[in-house]
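Taking this note's numbering, the leading residue of the sequence shown gets 11, the next gets one more, and so forth.
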Amino acid sequence: MDPPCLVAPAPRCSNAWRVEIAQLLEEHHLVAWAHSARERLTFGADLATYLTSMADTEVCRLDGKYITDLESFVHQLQRVVHGPVMRLEIDGPRGVVAQLRRRDLAGPPGRALKRRYYIWQDADMLLRKDHRLFGKLVDALLGVAAEAEYASEDLLLIHRAVFVGAPSLDMYAEDNRGQFASWATEAGEEALWEVISGVERPPVLRFKIDRELCGSPE
């Protein structure tokens, strides 16, 4: 049986890790974890800075310290992906999925956006508080990414999500029932995102943040 999520190899040297992470994100989403809060913060901030420097790229940072329920997630998403005032729902014309699909206001004037990265810092906070809601939001993020890449007739916009958190995030990624490893389904029905995109399972890599990579002391 295949593992629920592949484990990403460690970068060969600390100076090259940003480039190698960006290469991993060409085909996968990333679950990055560490015991140290400082290492997690440094990793997320440095990666966001590097990705922001790429042409035709948008980086959307979600601060998990303030995401405790659907309302606070919607507030964070509204802040980084501009559009009409959202409603407190995942599906629906002004819900989370609709907001994730938005692209008309993104990118520099006159140029098409090619990549949008979501960096969800401290994602384990919501996982611990409400794992069902967390799974639904992960499903929405990864599902819209699959739809945009494999089923949309619009210009290609690559969506990639990086979830940064404590070891509990990696434990969730190991669970075949979790939404890092499988699409959400209703009882007796096929998974919506698999039907839409043809992608059998979310392409997710697990990554252990190393203290040398982030330059933090032991």
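All C-beta atoms in this analysis are idealised placements derived from N, C-alpha and C, irrespective of residue type, glycine included.
Close-in-space but distant-in-sequence residues of the same chain around W193 (CB under 6 Å, 5 per side omitted): Cβ within range, chain order: A201, W203 and E204.
Beta-carbon spacing of R216, D185 below 7 Å: no
Short Cβ contact (7 Å threshold) for V148 with L40: Not a contact, by the Cβ cut-off of 7 Å.
Neighbourhood of H38 by C-beta, 7 Å cutoff - its chain only, sequence neighbours within 5 removed: Cβ neighbours of H38 beyond the five flanking positions: P213, V214 and L215.
Exposure of M96, with buried meaning 16 or more beta-carbon neighbours within 10 Å: Classification for M96: buried.
N-terminal and C-terminal residue of the beta strand (DSSP E) that R71 is part of: Residues T67 to D73.
Paired residues, beta bridge with L34 - DSSP: For L34, which the question treats as bridged, DSSP gives no partner whatsoever.
Reduced DSSP secondary structure (H/G/I, E/B, other) of V95: coil
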